[in-house]
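**Q** Order-wise, the sequence lines are chains A and B. Its first residue numbered 1, the first sequence is counted upward by one per residue in my numbering. Its first residue numbered 1001, the second sequence is counted upward by one per residue in my numbering. C-beta atoms are modelled at their ideal positions from N, C-alpha and C, and glycine is treated no differently. All values derive from a computational prediction rather than experimental measurement. Got a structure for you, written out below as structure tokens; questions coming shortly.
2 protein chains.
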Amino acid sequence: MSKKNKPNRPKARRPRGFEDKSADIIRAEQKLIASAFSVYDSHGFEPLQTPAFEYADVLGKFLPDEDRPNTGVFALRDDDEQWMSLRYDLTAPLARFVAENFDGLAKPYRRYQAGSVFRNEKPGPGRFREFVQCDADSVGAPGAAADAEMVMLAADVMRAVGLKDGQYQVRVNNRKLLDGILESTGVPNNEEGAIQRMQVLRAIDKLDRLGPDGVSALLGEGREDDSGDYTEGAKLNPDAIKAVLGFTTASSGDRGQIIIDLEKLVGMSERGQAGIQELRDIDNILSAVGISSDRAAFDTSIVRGLGYYTGPVFEVELLTDIKDKKGRPVRIGSIGGGGRYDDLVSRFRGQAVPATGFSFGVSRLLSALERLDALEAVTQPPVFITVFDRALLGEYFKMAEDIRGAGLRAEVYVGTGNITKQMKYADRRGVQLAIIMGEDEMSKGEVTVKDLYLGAEMAKAISSNEEWKSARPAQETIARDQLIAALKERIKI
Amino acid sequence: MSKKNKPNRPKARRPRGFEDKSADIIRAEQKLIASAFSVYDSHGFEPLQTPAFEYADVLGKFLPDEDRPNTGVFALRDDDEQWMSLRYDLTAPLARFVAENFDGLAKPYRRYQAGSVFRNEKPGPGRFREFVQCDADSVGAPGAAADAEMVMLAADVMRAVGLKDGQYQVRVNNRKLLDGILESTGVPNNEEGAIQRMQVLRAIDKLDRLGPDGVSALLGEGREDDSGDYTEGAKLNPDAIKAVLGFTTASSGDRGQIIIDLEKLVGMSERGQAGIQELRDIDNILSAVGISSDRAAFDTSIVRGLGYYTGPVFEVELLTDIKDKKGRPVRIGSIGGGGRYDDLVSRFRGQAVPATGFSFGVSRLLSALERLDALEAVTQPPVFITVFDRALLGEYFKMAEDIRGAGLRAEVYVGTGNITKQMKYADRRGVQLAIIMGEDEMSKGEVTVKDLYLGAEMAKAISSNEEWKSARPAQETIARDQLIAALKERIKI
């Protein structure tokens, strides 16, 4: 392009909050998604893909209330003036899909899906405006068997992605238990008590950060934080506060024992009793398939922020004995979760369509696996064929094909640099084995194989260990018909 | 949800031009992408993922020239007032990526990528506003070796996705040849001749539809079509028209022979001679790796619509002997293509950054494979475990785990229907084998296995072939410790 264009030259840059993914990350994420998919698939779930765009009113929670709705979602107006939004999760589009195709679907409809979701939020470190979620859901199954299966899937996916038992725990609660406890303390179990129930959930969710006293204040009159901000409380009476706090801290140890403890706390509330029965059903199935409390526990402190959950909820917690610089255990925390949401599809249909699901963020799980050293290298670098003599290009490509035929990756240098530049390129690419063949060697039926890893080691050891160097040279001449065997013998990854 | 909400209930519907993909399509597309990736990977290409959004000025061709640019792309204004667009292909984002990370990349940088691209266009049958492209590109390699590798990749991907040789052909041309011919007939090989060259390309692209006379008119003064619309011509003189038409219809048969023929046509033009040498280099490499003219031919009628190509260009044509109702051969046509585009990255850098690539549309290739009967079924339906007795749910889930452990898919019914409903569900799911176990059978260590495929066959044959029915019953009682073996023996897919 001519120089006169220079002032108008665009700057190559990404919109903030969006990322390019490197080869290693992509390979690791693909492997992780494939592992999860294979678990879902083995349970008879089927894949679904919905589009990136949905109508804004269909997504629901972010209805356009101004001319250009821009809070949380990316939205734009279509030619026909309807607002479209990029999906912010995979659950709302699933609800649309099921409602749209209701009669054509065999129910329970069980699907899995992974894909980019979009959040129009302020980006931060590790917080992107486009990221990949991986979900499995059952729609049309009201019973606890479907919830138990979700917990199984969560626990088995953690194993499938390479975690050892003890490095993760699925923690299950049931919204109905708290509903029951609140009901017996006077919070009505209907629309009227909805706001109060949500306030209680939000208060419990802060147990980790504020401790029992802080939560107690939020359950009662309210609480002023260090900055002087005042949060209105749920206005529970002291007995109710005691009951709620007693509930959230009730669980530890064995699932069977917790059920016995909880039965006492829940009392006579019908909804609470129904919640207990569901936990019993879940425990029954998990125990039958050999999933112990180590892998999937009951934990009454689990809340899940979203308002749409209606029954069993769970989170997957990653456990670690990594310590930070001050000797405190590093908390990786929840990498995903799910639960029952019986009202999402009925938004469209006006009839009950029970549903339950599990979702995790792919990058979040991947970076947790990295911190737990649970990632394996997933690919070998290609064997690199240098272009020593341009006239032999055809021969080099033929050699590469032979190597590929033996199941190895192989790359012919397609740039224009000389042999020094080519070796620099190979080095940056992380190549282990490079092949050099000139006219002379070709006529003798030979090639030179250079081991760049060994060469680098030797460069380090060269002063201290001259003998070792001569014993296993980093560069060897090999008969061409022995090449594949020689490569396989030397390959490190 | 209560009835009073009914008037506000949203309608479950998709924005027009967007599709939900069914399980079979997804599995087939994933397999197809995996096959292509494995070819790219074996050549030492590395995966890259860029975000869905790019700044509009970075994408280039669709600069916002009005308040809300909406021609071809989906665009919206970010919080900082910059226009962002959803990518319309994977090449423009690659150019941005390379320019942004230029010094950090080992070059040639060779990457592959598959992902959704978005076109804000009028949707039609088989024409979607979101669809998946699969690309491989080399950036930083000026020589014909990189182009030859692209042609190899295209031919090998067609094999990898299940096509037989003879069902596809990569057809290669070189823009430089036509540039050379035009130069020798007086069209200057610089900016001055750019518009005229583009008119010539567009005219040649219509050869199929208009025939030599129509194209001849478009190369000359111009042409009025049946509807009375007049298209201005490229204003070539009669000798030039003859030369161009002679060129576009020159190629047939063997690559080596075509090069000899073309040398005469191109004459003394330096650019034309350079184009010939590139074809020679490509032929040399393809011949060395055993890719015959059947798989990759030279074809001077190949144009590629895009203006940014600068050298070798190619298309992948699917061939078929399928005839339509009138006995005419069904033309499937081009399912992808590529070529050299040496100016795209230099848009950002102001220095030459040569590049070449190959791209195909995943759905387009898939539907072509379907028409060629080149698709295999890719998954088995799950073994279906009925819930005959709710009290045995744990046992059913345990049985499913055992079946999964043997590498089969297995599904426990998690809905609430009775056994009749469950069998209907199994039927709609395409299940072959269903398992029934009640309290009695369990105590005897037995299960019943029902073969739904066999049952359906028998239902058809029942009047004509009573004996066959009794010889191989569709329902059998099997000892539980023989279950896995019995399932494997019966499984059809």
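#1: According to the neighbour-count rule (16 or more other Cβ atoms, all chains shown, within 10 Å of its Cβ), is G44 (chain A) buried or exposed?
#2: Using only CA atoms, which one of B:A1114, B:A1459, B:Q1351, B:A1052 lies nearest to Q1030 (chain B)?
#3: Take the Cβ of T50 (chain A) as the centre, count every other Cβ of all protein chains shown within 10 Å, and call the residue buried at 16 or more, exposed below.
#4: Please identify the residue among A:G228, A:I33, A:L163 whose C-alpha is closest to the C-alpha of V132 (chain A).
#5: Quick check: is the beta carbon of P312 (chain A) nearer than 9 Å to any beta carbon in chain B?
#6: How would you label D65 (chain A), buried or exposed, when you count the other beta carbons within 10 angstroms and need 16 or more for buried?
#7: Helix, strand or coil for S216 (chain A) per DSSP?
#8: My parser needs the alpha helix (DSSP H) runs of 4 or more residues fully inside the stretch 1134-1197 of chain B; what are they?
#9: Does any residue of chain A have a CB that is nearer than 9 Å to the CB of F1386 (chain B)?
#10: R1390 (chain B) to D283 (chain A), Cα distance in whole Å?
#11: Sorted by chain position, which residues of the same chain lie with C-beta nearer than 6 Å to R110 (chain A)'s C-beta, five sequence neighbours on each side aside?
#12: Comparing the CB of A1288 (chain B) with every heavy atom of the ligand MG, is any distance shorter than 8 Å?
#13: For the stretch 276-287 of chain A, list every residue whose C-beta sits within 8 Å of some C-beta in chain B, in sequence order.
#14: Would the stretch 1248-1261 of chain B count as touching the stretch 1286-1302 of chain B if we require 3 or more Cβ pairs under 8 Å?
#15: Since I believe L1090 (chain B) is in contact with V1117 (chain B) (beta carbons under 8 Å), could you give me their beta-carbon distance rounded to a whole number of angstroms?
#16: Taking DSSP as the reference, what is the three-state secondary structure of K1206 (chain B)?
#17: Just the chain B side, please: which residues come within less than 7 Å of V289 (chain A) by C-beta, in chain order?
#18: Just how far apart, CA to CA, sit K3 (chain A) and S1269 (chain B)?
#19: With a cut-off of 9 Å, does the C-beta of T1379 (chain B) fall near any C-beta of chain A?
#20: Roughly how far, in whole angstroms, is the beta-carbon of F1314 (chain B) from the beta-carbon of A1154 (chain B), given that I think they are within contact range, below 8 Å?
#21: For T231 (chain A) and chain B, any beta-carbon pair shorter than 9 Å?
#22: Determine, using beta carbons only, whether L1163 (chain B) and L1369 (chain B) come nearer to each other than 9 Å.
#23: Thinking D1147 (chain B) and R1340 (chain B) are a contact (beta carbons under 8 Å), I'd like their distance in whole angstroms, please.
#24: According to DSSP, simplified to helix, strand and coil, what is V303 (chain A)?
#25: What residues in the stretch 23-47 of chain A bring their beta carbon closer than 7 Å to a beta carbon of chain B?
#26: Which of the three DSSP states, helix, strand or coil, is assigned to A1250 (chain B)?
#27: Which first and last residues belong to the beta strand (DSSP E) in which I260 (chain A) is found?
#28: Residues of the stretch 104-135 of chain A with a CB closer than 7 Å to any CB of chain B: list them in chain order, please.
#29: Measuring only the C-alpha atoms, how far is L86 (chain A) from F1053 (chain B)?
#30: Who are the neighbours of Q199 (chain A) on chain B, taking C-beta pairs under 9 Å?
#31: List the endpoints of the continuous alpha helix (DSSP H) containing M399 (chain A).
#32: Give the C-beta separation of G1140 (chain B) and G415 (chain A) to the nearest angstrom, bearing in mind that I take them to be a contact with Cβ-Cβ under 8 Å.
#33: Identify, in the order they occur along the chain, each residue of the same chain with its Cβ nearer than 8 Å to the Cβ of G1430 (chain B), setting aside the five sequence neighbours on each side.
#34: Determine the direct distance from the alpha carbon of A426 (chain A) to that of K1206 (chain B), and round the result to whole angstroms.
#35: Name the chain B residues whose beta carbon is nearer than 7 Å to that of A296 (chain A)?
#36: Going along chain A, which residues have a C-beta under 9 Å from R1429 (chain B)?
**A** Let me lay it out:
#1: With 16 or more other Cβ atoms within 10 Å, it is buried.
#2: Q1030 (chain B) has its Cα closest to that of B:A1114, out of B:A1114, B:A1459, B:Q1351, B:A1052.
#3: Result: buried.
#4: Distances from the alpha-carbon of V132 (chain A) to those of A:G228, A:I33, A:L163 put A:I33 closest.
#5: Interface annotation, P312 (chain A): not in contact with chain B, CB-CB separation never under 9 Å.
#6: Annotation note: pLDDT 41 at D65 (chain A) (below 50); position unreliable, coordinate value reported separately. Exposed, since its Cβ has fewer than 16 Cβ neighbours within 10 Å.
#7: Here S216 (chain A) sits in helix by DSSP.
#8: Assignment of alpha helix (DSSP H) within the stretch 1134-1197 of chain B, counting only whole runs of 4 or more residues, yields 1144-1160, 1175-1184 in chain order.
#9: Sequence check: residue 1386 (chain B) is Thr here, not Phe. For T1386 (chain B), the answer is no, since every Cβ of chain A falls outside 9 Å of its Cβ.
#10: Spanning the alpha carbons of R1390 (chain B) and D283 (chain A) requires a straight line of approximately 14 Å.
#11: Apart from sequence neighbours up to five positions away, the residues of its chain that approach R110 (chain A) with a beta-carbon distance below 6 Å are F45, S138, ordered along the chain.
#12: Ligands in the displayed structure: none, and consequently the ligand MG is not present.
#13: Of all residues in the stretch 276-287 of chain A, those with a C-beta nearer than 8 Å to a C-beta of chain B are D281, N284, I285, S287, reading in chain order.
#14: By the Cβ criterion, the stretch 1248-1261 of chain B is in contact with the stretch 1286-1302 of chain B, since at least three pairs of Cβ atoms, one from each stretch, lie closer than 8 Å.
#15: That pair is a contact at about 7 Å.
#16: DSSP places K1206 (chain B) in coil when its eight states are reduced to three.
#17: Going along chain B in sequence order, the residues near V289 (chain A) (Cβ under 7 Å) are F1397, K1398, E1401.
#18: Note that K3 (chain A) scores a pLDDT of 45, beneath 50, so its modelled location is shaky and nothing firm can be said.
#19: True, the Cβ-Cβ gap to chain A drops below 9 Å.
#20: That pair is a contact at about 7 Å.
#21: With 9 Å as the cut-off, T231 (chain A) does not count as an interface residue toward chain B.
#22: Result yes, Cβ atoms of L1163 (chain B) and L1369 (chain B) sit closer than 9 Å.
#23: Between D1147 (chain B) and R1340 (chain B), the beta carbon gap of about 6 Å places them in contact (Cβ cut-off 8 Å).
#24: Coil, per DSSP.
#25: So the list reads A23, I26, R27, D41, S42, H43, G44, E46, P47, given in the order they occur along the chain.
#26: Note: A1250 (chain B) maps to coil in three-state DSSP.
#27: Counting along the chain, I260 (chain A) sits inside no beta strand (DSSP E); it lies in the alpha helix (DSSP H) bounded by residues 255-266.
#28: Flagged, chain order: A106, K107, P108, S116, E130.
#29: The C-alpha of L86 (chain A) lies about 11 Å from the C-alpha of F1053 (chain B).
#30: Counting only Cβ-Cβ distances below 9 Å, Q199 (chain A) has no contacts in chain B at all, with the closest Cβ about 22 Å away.
#31: Looking at the DSSP string, the run of the alpha helix (DSSP H) that includes M399 (chain A) is 393-405.
#32: Correct: roughly 6 Å between the Cβ atoms.
#33: Cβ within range, chain order: P1381.
#34: In a straight line, the C-alpha of K1206 (chain B) is about 45 Å away from that of A426 (chain A).
#35: Here the premise fails: no neighbours, minimum Cβ distance about 13 Å.
#36: Under the 9 Å cutoff, chain A gives G44, E46, A106.
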